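The opening position of the sequence shown corresponds to residue 0 in numbering that gives the first Met the number 0, with each subsequent residue numbered one higher. Glycine included, every Cβ here is placed at the ideal spot set by N, Cα and C. These figures come from a predicted structure and were not determined experimentally.
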Amino acid sequence: MNKHYETARQIYADWGVDTEAALRRMDEIPLSINCWQLDDLTGLEDFDAKLTGGIAATGNAPGKPRSVEEYFDSLNRMLELVPGAKHLALHSVYPLTNGVKVPRNQLRPEHFAPWVDYAREKGIGLDFNPTYFSHPMSESGWTLSSADEGVREFWVEHGIACRRIGAYFGRELGETCVTNHWIPDGSKDTRVDTLGPRERLIDSLNRIFAEPIDRRYNVDSVEGKVFGLGVESYTVGSHEFYTNYALTTGKAIVCMDTGHYHPTESVAAKLTSYLAFGQEIMMHLSRCVRWDSDHVAIANEDTVSIMQELKRCRGFDKVHLGLDFFDASIDRVAASVIGARSVKKALLTALLEPTEHLLKAEAENDLTRRLALLEEFRFLPAGIVFEEYCERHNMPGANWLETLR
Ligand code: RNT
Ligand code: ZN
């Protein structure tokens, strides 16, 4: 036990918080780590692949994997530094086929079978993402909402193929897979017909989700967005579009990426409007610096507020926590570790919050006390409890970077 833990435990106990219960809860809430931070979303099919679709990994830090072996080396080192329950979120461009190139609309569970073995060995779950970009068929900038029936059909087939892979992950690993659908479709300049693409997208999604799949194995999420690079004026799959799709069809849940809103919009503030309707939510925790920049997630106010909201409304069973960032300007393994550990620290901070005191002050309309306590609780010693958490998982604490280096 780290020498400060007992003190921290006592400080929290004085506020009626059981640190041991919080540590147990930490192990029940998995964090889905995006596999694509480790290689700038290049994938395992083509190490020269170019990223398209209005997203970008900028920077040129050394150490980018140049082979499947190097990729796994990065992945292993990353997983060894993130304590507690984890999923790995894969993208469809990470199949393990011994160099055989499989068209995206023909991908099958067997192309990801080694990932299931890997996940089992590491004791983690798997999530999945179809890749509706970085491909000749997405070059026009339109995929599931394309006016070209051939293009649309190809991507519908891809979506169907990916859901089946997600269901395979869930069935094999006994842990629900979230398959997240994000498409780049939109327009750089003013779009005149904004309805047509949205009607086509509804039709494509309905076709993708037509096959019933047991929700214990796979849940699909749909991810909206404000804009992308070169797609500044119109985005077919907006937040409102997917919210309506999810609520009216029940075929998918909404994925909220913290980088996909107007800069002053708070994702934390949106959550209970979904939970009040019994909706599940997928989260892509990221950090937008001025725009959807996909900077490494940190334990800033945005992240902490999301965790606090979920703690206060007991929403953790309805919300899947995932990461989504790709920063190539710093060491890629360290970037992944920093993002994952920061989100876990934010989660622990929220789990340790003496929420009962806040609720009581609020119920008694003692607004002075509510604000006074909110401010005091920011600086309770959650960091010491996190060190203890790392130690119990046989992982380094605050000095983890030395281990990695
Ligand atoms: C893009 C979306 C999407 C991607 C990943 C790689 O703006 O955030 O989630 O980042 O699929
Ligand atoms: Zn995202």
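Secondary structure at L30: strand, using DSSP grouped into helix, strand and coil. The beta carbon of K269 sits closer than 7 Å to those of M255, all from its chain and outside the five residues before and after it, given in chain order. E171 sits away from A84, with the two beta carbons spaced by 8 Å or more. Secondary structure note for T178: its beta strand (DSSP E) is the uninterrupted segment 176 to 180. V16 has its alpha-carbon roughly 43 Å from the corresponding atom of R163.
Counted as a single uninterrupted DSSP element, the beta strand (DSSP E) harbouring R286 occupies residues 286 to 288. With distances taken between CA atoms, C34 lies nearest to F71 out of G122, P211, F71. The beta-bridge partner set that DSSP reports for C254 consists of E222, M281.
Counting every other CB atom within 10 Å of its CB across the protein chains shown gives E279 a total of 16 or more, marking it as buried. Every alpha helix (DSSP H) stretch that sits fully inside the segment 98 to 174 and reaches 4 residues is listed by chain position as 112 to 121, 148 to 172. Relative to the ligand RNT, the nearest heavy atom lies less than 7 Å away from the CB of E222. A contact is defined here as three or more CB-CB pairs under 8 Å, and the segment 59 to 76 fails this definition with respect to the segment 144 to 154.
Per the coordinates, the alpha-carbon of L403 lies some 15 Å from the alpha-carbon of G338. The beta carbon of N299 sits closer than 8 Å to the beta carbons of R286 from its chain, once the five residues preceding and following it are set aside; these are given in chain order. Here A296 is not near L274, since their CB atoms are 8 Å or more apart. In this structure the segment 377 to 388 does not touch the segment 35 to 54; the number of beta carbon pairs closer than 8 Å is below three. The straight-line gap separating the alpha-carbon atoms of D184 and E375 is approximately 46 Å. With a threshold of 16 other beta carbon atoms within 10 Å, S232 falls short and is exposed. Near the ligand ZN, meaning a beta-carbon closer than 5 Å to one of its heavy atoms, we find D256, H283, D323. Here the C-alpha atom of S186 lies approximately 33 Å from the C-alpha atom of A166. Minimum Cα-Cα distance from Q105 among the listed residues A60, V155, D192 corresponds to V155.
Beta-bridge pairing by DSSP links K359 to no other residue. Under the Cβ criterion (8 Å, minimum of three pairs), the segment 210 to 220 does not count as touching the segment 257 to 266. When beta bridges are read from the DSSP output, G42 appears opposite no residue.
With contact defined as three or more Cβ pairs closer than 8 Å, the segment 302 to 320 and the segment 199 to 208 are not in contact.
For V92, the secondary structure class from DSSP, reduced to helix, strand or coil, is coil. By the neighbour-count definition (other C-beta atoms within 10 Å, threshold 16), F378 is an exposed residue. Of the residues assessed, S133 falls on the buried side of the cut-off, its CB having 16 or more other CB atoms within 10 angstroms. In the structure shown, T271 falls within a helical segment according to DSSP collapsed to helix, strand and coil.
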